[in-house]
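K.L.:
This is the structure I want to talk about, given as structure tokens.
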Amino acid sequence: MEELIMGMNTDLLHAAQKHAEVEGSYKPGAMTHVSPIYQTSTYILKDFDTAVHLNQNVDEGFVYTRFGGPNADELEKRMAILEEGDAGLAVASGMGAISIAVMSSLKAGDHAVIGDVIYGCSYTLFAQVLNNYGIEITRVDTTDPQNIKDAIQENTKVVYVETPANPTLKISDIAAIADIKNQHEDITLIVDSTFASPYLQKPLTLGADLVVHSATKFLAGHGSVTAGVIVGDKARIDRCRMPYLQTLGQVIDPFGAWQVTQGMKTLGVRMEKTCTNAMQVAEYLEKHPMITNVYYPGLESHPTHHIAKKQMNGGFGGLMSFDLDGGMDSVRTVMNNMKVFSLATSLGNVDSLIQHSPSMSHFDMSPEEREASSIYDGQIRISVGIEDVEDLIHDLEQSLALLTKEESTVKA
Numbered sequence: 006m007e008e009l010i011m012g013m014n015t016d017l018l019h020a021a022q023k024h025a026e027v028e029g030s031y032k033p034g035a036m037t038h039v040s041p042i043y044q045t046s047t048y049i050l051k052d053f054d055t056a057v058h059l060n061q062n063v064d065e066g067f068v069y070t071r072f073g074g075p076n077a078d079e080l081e082k083r084m085a086i087l088e089e090g091d092a093g094l095a096v097a098s099g100m101g102a103i104s105i106a107v108m109s110s111l112k113a114g115d116h117a118v119i120g121d122v123i124y125g126c127s128y129t130l131f132a133q134v135l136n137n138y139g140i141e142i143t144r145v146d147t148t149d150p151q152n153i154k155d156a157i158q159e160n161t162k163v164v165y166v167e168t169p170a171n172p173t174l175k176i177s178d179i180a181a182i183a184d185i186k187n188q189h190e191d192i193t194l195i196v197d198s199t200f201a202s203p204y205l206q207k208p209l210t211l212g213a214d215l216v217v218h219s220a221t222k223f224l225a226g227h228g229s230v231t232a233g234v235i236v237g238d239k240a241r242i243d244r245c246r247m248p249y250l251q252t253l254g255q256v257i258d259p260f261g262a263w264q265v266t267q268g269m270k271t272l273g274v275r276m277e278k279t280c281t282n283a284m285q286v287a288e289y290l291e292k293h294p295m296i297t298n299v300y301y302p303g304l305e306s307h308p309t310h311h312i313a314k315k316q317m318n319g320g321f322g323g324l325m326s327f328d329l330d331g332g333m334d335s336v337r338t339v340m341n342n343m344k345v346f347s348l349a350t351s352l353g354n355v356d357s358l359i360q361h362s363p364s365m366s367h368f369d370m371s372p373e374e375r376e377a378s379s380i381y382d383g384q385i386r387i388s389v390g391i392e393d394v395e396d397l398i399h400d401l402e403q404s405l406a407l408l409t410k411e412e413s414t415v416k417a
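Quick note: the sequence shown uses our numbering, first residue 6, plus one each step.
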């Protein structure tokens, strides 16, 4: 029988779906429409030899939920299909995915090249945690591949890129970076593609070795679960799973994996609406007199718009940041008076969120490090949801209008 090649939205709904036979059904052959939740910590094994083979990885199967289970397996297989990788690994959080991907690729004495603009906790992992284990890092602006080429040393084993980058939405050319990486032996290119999701960007097809996601964000999409996913070739994923996942205990629980898989079913329709809304919001903000800069890769004014246009699948995501004239005082006024946007750290939800990156997601960085990365005190990041865009713009409008009133009061 000819194998059907499915489109992205069909894969989001059906890839690796686990229908289970219903025991005790009054009509034989009934199966669940939605995958069951296998909420168990361990699995009963049919005999001694099976137990030995499964525990010693002679055969594939489920032994103990910390090592994997049906719900995690479904999520892993679906993500591998979507990212066009060989295998996937589901873990308890986005930082769990990043930590395992990075740690499985480095050892004491190695060197990593990382982007100068990445998520605050990712930076802390490299600068404070791995540094204690004899791993050196060099931070560079990854939007210029030459910077990466110049930073690579004999002991470089990882190039770590976040694109789009948090919070300035800088876009790095994955294919160009992969070309540089391929000129050296044993360098693993790891791309955090959380802001794009596989709906907008597929790093493995562009030459990355591992792609990581905080599945908490766009993949799950509803703000109800924390999870992470790694996708890559089977050898690298096997190394991530054993010993790193099994010994560090970054296991995703069955219900959490099930929630992510269910959320992914609507990823396509959510991303389409989010991207459409975000473009209109960005265009509104770019014209506002109290805003000095808008960081959104869909705008032609964005320095790396040309890369995003080439690399991303027709959309530019739902994240953006903007700089307010007036600094921290203006930030406080705007954020305290939003009605539709929720003040919360996270992103990728169906509902819109607003946060202050310098004091929230990137507070671990020093003021000097933040400024060098174009993360300023007057900078706000928003995650645009799927609400009616007129309501989102009106919410920003009414809150920003308070700055004009304050300015008038000061002048008076």
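By construction, the Cβ of each residue, glycine as well, lies at the ideal position given by its N, Cα and C atoms.
#1: Please classify Gln264 as buried or exposed, where buried requires at least 16 other C-beta atoms within 10 Å of its C-beta.
#2: Do three or more CB pairs link the stretch 367–378 to the stretch 186–201 at distances below 8 Å?
#3: Tell me the residue span of the alpha helix (DSSP H) that contains Ile153.
#4: Distance check for Thr350 and Thr409, CA to CA, integer angstroms please.
#5: Taking 8 Å as the cut-off, does the stretch 207–223 touch the stretch 91–110 (at least 3 CB pairs, one atom from each stretch)?
#6: So, at 7 Å on beta carbons, what are the nonlocal neighbours of Leu397 in its own chain, with the 5 sequence-adjacent residues on each side left out?
#7: Does DSSP put Pro302 in a helix, in a strand, or in coil?
#8: Tell me whether His19 sits in a helix, a strand or coil according to DSSP, three-state version.
#9: Under the assumption that Ser40 contacts Asn76 (Cβ atoms under 8 Å), give the Cβ distance between them as a whole number of angstroms.
#10: Considering Phe260, what are the terminal residues of the beta strand (DSSP E) in which it resides?
#11: Three or more beta-carbon pairs under 8 Å between the stretch 156–176 and the stretch 124–142, yes or no?
#12: Taking the beta strand (DSSP E) that Ala113 falls in, what are its first and last residues?
#13: Quick one: what does DSSP say Asp54 is sitting in, helix, strand or coil?
#14: Which same chain residues end up closer than 6 Å to Asp369 when comparing Cβ atoms and leaving out the 5 residues on each side of it in sequence?
#15: On the DSSP bridge list, what partners appear for His218?
#16: When the Cα of Ile385 is compared with those of Leu18, Val299 and Leu50, which residue comes out closest?
#17: With H, G and I counted as helix, E and B as strand and the rest as coil, what does DSSP make of Gly99?
#18: Would His24 and Met36 be called neighbours here (beta carbons separated by less than 7 Å)?
#19: In whole angstroms, what separates the C-alpha of Leu304 from that of Leu205?
#20: I need the DSSP call for Gln360, collapsed to helix, strand or coil.
#21: Going along the chain, which residues of its own chain have a beta-carbon closer than 8 Å to the beta-carbon of Lys278, five neighbours each way excluded?
#22: So which of Ser371, Arg337 and Pro372 has the shortest CA-CA distance to Gln360?
#23: Assign Ser371 to one of three DSSP states: helix, strand, or coil.
#24: For Thr161 and His38, what's the separation of their Cα atoms in angstroms?
#25: Using a Cβ-Cβ cutoff of less than 8 Å, which residues in the same chain neighbour Gly273 once the five nearest sequence positions on both sides are dropped?
#26: Per DSSP, what kind of secondary structure is Val164 in: helix, strand or coil?
#27: Enumerate in chain order the residues of its own chain whose CB-to-CB distance from Arg246 is below 7 Å, with the five nearest sequence positions on each side excluded.
#28: With the cut-off set at 7 Å, would you say Leu1 and Val68 are in Cβ contact?
#29: At which residues does the beta strand (DSSP E) containing Glu141 begin and terminate?
#30: Could you give the distance in angstroms between the alpha-carbon of Ile257 and the alpha-carbon of Pro363?
#31: Among the residues of its own chain, which have a CB less than 7 Å from the CB of His293, if the five just before and after it don't count?
#32: The alpha helix (DSSP H) with Ile312 in it runs from where to where?
#33: How about Ser177: is its C-beta nearer than 7 Å to some C-beta of chain C?
#34: Do Pro208 and Ile182 count as a contact pair if the criterion is CB distance below 7 Å?
P.N.:
Judging by the given coordinates:
#1: buried
#2: Contact fails: fewer than three Cβ-Cβ distances are below 8 Å.
#3: Pro150 to Ala156
#4: 27 Å
#5: yes
#6: Asn282, Val286, Val345, Ser357 and Val389
#7: coil
#8: helix
#9: About 7 Å separates the two Cβ atoms, so the contact holds.
#10: It is not in any beta strand (DSSP E) - Phe260 instead sits in the alpha helix (DSSP H) that spans Pro259 to Met269.
#11: yes
#12: That residue, Ala113, is in no beta strand (DSSP E); it is neither H nor E in DSSP.
#13: helix
#14: Around Asp369, the same chain offers Gly125 and Thr129 as residues with beta carbons nearer than 6 Å, after the five sequence neighbours per side are excluded.
#15: Val234
#16: Looking at the Cα atoms, Val299 is the closest of the given residues.
#17: Helix.
#18: yes
#19: Roughly 16 Å separates the two Cα atoms.
#20: In this structure, Gln360 counts as strand in the three-state DSSP scheme.
#21: Ile391
#22: Arg337
#23: Residue state, collapsed to three classes: coil.
#24: Cα atoms of Thr161 and His38: separation of roughly 48 Å, rounded to the nearest angstrom.
#25: Met13, Asn14, Leu17 and Tyr204
#26: If DSSP states are grouped into helix, strand and coil, Val164 belongs with the strands.
#27: Here Arg246 has Leu94 as same chain residues with Cβ atoms under 7 Å from its own Cβ, once five neighbours each way along the sequence are excluded.
#28: Summary: the structure shown does not reach residue 1, with the chain confined to residues 6 through 417, and so no result is reported for it.
#29: Glu141 to Val145
#30: 30 Å
#31: Leu405
#32: His310 to Gln316
#33: Chain labels in this structure do not include chain C; a single protein chain is all it has.
#34: no
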